[in-house]
Every structure is written in C-alpha cells, then in structure tokens.
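One structure is given below, encoded as structure tokens.
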Amino acid sequence: MFNDLSSPLDLLRTRRSGKPREFVGPGPNEAELGEMLRLASRVPDHGKLSPWRLVTVGADQRDALGILFRKALAASDPCASPAHHQAADDFAHFAGALVVLVSAPVPNHKIPVWEQELSCGAVAMNLLLAATAMGFVPGWLTGWYSFDETVRRAFCGEGERIAGFIFIGHPGRPLEERPRPQHDQIVSRWNAPAD
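Numbered per full-length UniProt numbering, the sequence shown spans residues 1 to 195.
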C-alpha cells in the first residue's frame with residue numbers, strides 16, 4: 001500500500017509520488033494548499049535566510065502558463081514540432097494545484113549557496129510530505145521548463161532559478177512502485193584515516 005497514513009513512519013516507508021500527467025482533480029482547496037505551504041517552509045535554514053520562494057499558479061492562470069511555455073519553446077527551438085508545443089501546453093494544464101518552487105539564495109552571505117540550495121530542496125520534500133499526509137498525491141517535475149531562460153524570467157529574479165514544478169492532485173490510476181536503491185549500496189560506515 002502506498003502513502004499509508006496510519007503513522008508518520010508508515011507514511012515515510014510507503015511515500016510515493018504520482019505522475020502529474022495522469023493526475024485528476026480536484027487538487028487542494030485554497031485553505032489546504034495554504035497549510036501545505038506553511039508546513040513546507042518548516043525546514044533547516046541555516047542563517048534564517050528563507051532562500052526560496054513558493055509561487056502558486058491558479059487554475060485561471062494555466063492558459064497564460066501554456067502561452068508562456070509555447071513562446072519559450074518557439075524562442076529556444078524554432079524547429080520544435082507541433083507535438084512538442086502540445087506537450088508544453090499539456091504540462092501547463094496538468095490537473096490539481098501547481099506550485100513553482102524558486103531557489104532564491106542570498107548572494108555574498110557567509111552561508112554558502114550550496115547550503116541554501118539544500119534548504120530549498122528540503123522545502124520541496126516537505127511539500128511532498130505535507131500534500132501526501134493530507135490525502136493528496138504530489139509530483140515534482142523539472143524538465144526544460146525549469147531551465148529555460150524565458151520561463152525562469154517569468155518566475156525568478158536576479159540570481160534565482162526554478163527548482164521545480166510541484167503538482168498536487170489525485171492519481172488517475174493506481175500508483176506503482178519504482179526501483180529503489182539497495183540499502184547496502186548507498187549506506188556505508190566511515191573508515192577513519194589512520195594516524
């Protein structure tokens with residue numbers, strides 16, 4: 001069973017994201033999404049910098065997002081096929097709520113940018129967990145949308161970048177497990193150097 005809510009540990013053991021292209025509505029309402037975003041911000045944040053922002057894209061803004069994606073695609077790949085343009089528009093219209101996570105590191109600070117970016121990643125994970133704990137299924141996507149300069153400028157200021165598009169809805173079909181790393185392949189004991 002995926003996303004078992006019987007205990008916090010069971011949720012962590014069974015957490016599974018969904019595929020936003022398969023999501024069905026409805027997503028969280030405004031109050032539920034607000035609570036998810038408050039929970040998402042409760043992360044390690046050395047220096048209390050809040051080096052990230054959460055930008056919601058409402059259902060009434062999805063057409064404009066699709067236009068933005070199509071313009072970005074036309075600028076970056078003038079030979080993109082009609083199918084590629086349609087896929088960009090489809091991405092903008094995936095069901096459920098949409099939150100764009102922006103990495104906004106504070107420049108020239110004693111806290112290294114890398115550490116600030118890790119805090120941003122923790123926000124994403126907290127948002128996935130909060131959405132799942134509230135009975136939804138989230139999906140965190142990047143793709144060319146996250147790295148395109150036209151799209152970046154639409155969401156980000158100077159020195160910021162898109163960490164991902166997080167969709168929150170319900171799966172259109174049962175969730176399936178994906179391959180997970182073997183414990184002994186990713187966990188080791190440190191071998192202290194000899195004096």
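All C-beta atoms, glycine included, are put in the ideal place defined by N, C-alpha and C.
Taking residue 145 as the centre and dropping the five residues before and after it, the same chain places the C-beta of 69, 91, 151, 165 closer than 7 Å to its C-beta, in chain order. For residue 76, the uninterrupted alpha helix (DSSP H) segment begins and ends at 62-76. In the three-state reduction of the DSSP assignment, residue 85 falls in the helix class. Secondary structure of residue 190 (DSSP, three-state): coil. Burial is judged here by how many other beta carbons sit within 10 angstroms of a residue's own beta carbon; residue 40 has at least 16 and is buried. Of the other Cβ atoms in all chains shown, fewer than 16 fall within 10 Å of the Cβ of residue 34; this residue is therefore exposed. The C-beta distance from residue 130 to residue 1 rounds to 20 Å, too long to meet the 8 Å contact threshold. As a beta-bridge residue in DSSP terms, residue 138 pairs with 168.
Our two residues, residue 60 and residue 149, have alpha carbons roughly 24 Å apart in a direct line. The DSSP-derived three-state label of residue 119 is helix.
Look at the beta carbons and you see the segment 68-87 not touching the segment 112-120: under three pairs across the two are nearer than 8 Å. Taking all protein chains shown into account, residue 190 has fewer than 16 neighbouring C-beta atoms within 10 Å of its C-beta and is therefore exposed. Of the candidates 177, 30, 119, the residue whose Cα lies closest to the Cα of residue 98 is 30. Taking residue 56 as the centre and dropping the five residues before and after it, the same chain places the C-beta of 99 closer than 6 Å to its C-beta, in chain order. Look at residue 43 here: in three-state DSSP terms it is coil, with no helix or strand label. Beta bridge pairing from DSSP links residue 162 with 102. Remark: C-beta atoms of residue 109 and residue 49 approach each other more closely than 8 Å.
Fewer than three beta-carbon pairs drawn from the segment 73-90 and the segment 6-19 are found closer than 8 Å, and the two stretches are therefore not classed as touching. By the C-beta density criterion, residue 45 is buried, having at least 16 other C-beta atoms within 10 angstroms.
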